[in-house]
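Residue numbering for the sequence shown follows my numbering, beginning at 1132 and increasing consecutively.
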Amino acid sequence: MLWLDSFKRADSLPAAWLIATGHAPVTRPERSALRHATSRAVLAIQLGASPDEIELGNDSRGRLLAVGPGGEVLHLSHATRDGMVLVAMGLQRIGADIERCGAGDIPFSALHRAEQLWLHQLPESGRDRAFAQMWAVKEAHGKWAGTGLPETDRHAALPGPDGRWQVAGSAHVAFATGMVERAGAAYALAVAGV
């Protein structure tokens, strides 16, 4: 798994790009347009094509697919927060998410009981980051599985004894996670299926 922070070609896949676009979209359609434009730009570099030659579509479960001009098919997932776009692609299905730490109160009642207990055991000063990382893992898993978040709410997302994140019922799914700081804010990143 490669993490990149600029528009450049990855020498192997899966890979994820975190691009600070300098834009601040407010509405859902604006965020969607920014995700798609950024994804097309990254795909164009990766496939050696122009953005207009890239076709974006979905598989039968709603997961994103990109098709290049030569018929190359890549699995794609993307997410947007505060003008940053996380784009992940691979040769097999993949899911990606980015969450801002401390973006609001932690919705304990919406979490699995095991997640609630884990968060309550942490020092209060670390809960916002832990929650953001957990939620990014849950969202990335939902995109990877093609089930969306409601299905993943039934399965706890927790770090294992080795520190690697796991989602109950999906022991075979590997996650790449990270944290970044931009403009005084912290963000949790997660890519599923690496």
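Ideal Cβ placement from N, Cα and C applies to all residues, glycine included. A quick note: this is a predicted structure, and the numbers were derived from the prediction, not measured.
| Query | Result |
| --- | --- |
| Using 8 Å as the Cβ pair cut-off and three pairs as the minimum, do the stretch 1202-1210 and the stretch 1238-1254 touch? | no |
| If we count the other Cβ atoms within 10 Å of its Cβ and call it buried at 16 or more, is Q1264 buried or exposed? | buried |
| So G1257 is in the alpha helix (DSSP H); what residue range does that whole segment cover? | 1255-1276 |
| Per the DSSP calculation, G1233 is bridged to which residue(s)? | G1233 is not bridged to any residue. |
| Express the C-alpha separation of Q1252 and A1175 in angstroms, rounding to a whole number. | 45 Å |
| Buried or exposed for V1322, please, with buried defined as at least 16 other CB atoms from any protein chain shown within 10 angstroms of its CB. | buried |
| M1310 and A1317 - do their beta-carbons sit closer together than 7 Å? | yes |
| So the candidates are R1162, P1160, E1161, E1186; which of them puts its Cα closest to the Cα of R1171? | E1186 |
| Using only CA atoms, which one of A1141, A1155, P1145 lies nearest to G1179? | A1141 |
| Start and end of the alpha helix (DSSP H) containing I1150? | That residue, I1150, is in no alpha helix (DSSP H); its beta strand (DSSP E) goes 1146-1151. |
| Counting beta carbon pairs with one atom in the stretch 1211-1226 and one in the stretch 1143-1162, are three or more of them shorter than 8 Å? | yes |
| Would you kindly work out how many angstroms separate the C-alpha atoms of A1267 and F1138, rounded to a whole number? | 23 Å |
| What distance in whole Å lies between the Cβ atoms of H1286 and A1305, which are believed to be in contact at a cut-off of 8 Å? | Not confirmed; about 16 Å, so no contact. |
| Ignore the nearest five residues each way along the sequence and tell me which others in R1258's own chain have a CB closer than 7 Å to its CB. | I1237, L1250 |
| Under 8 Å by Cβ, that's how I've got T1169 and V1216 pegged, so tell me the actual separation to the nearest angstrom. | 4 Å |
| Under 7 Å, do A1319 and E1230 count as touching if we go by C-beta distance? | yes |
| To which residues of the same chain is W1148 closer than 6 Å at the C-beta, ignoring the five residues directly before and after it? | L1135, V1173, V1218 |
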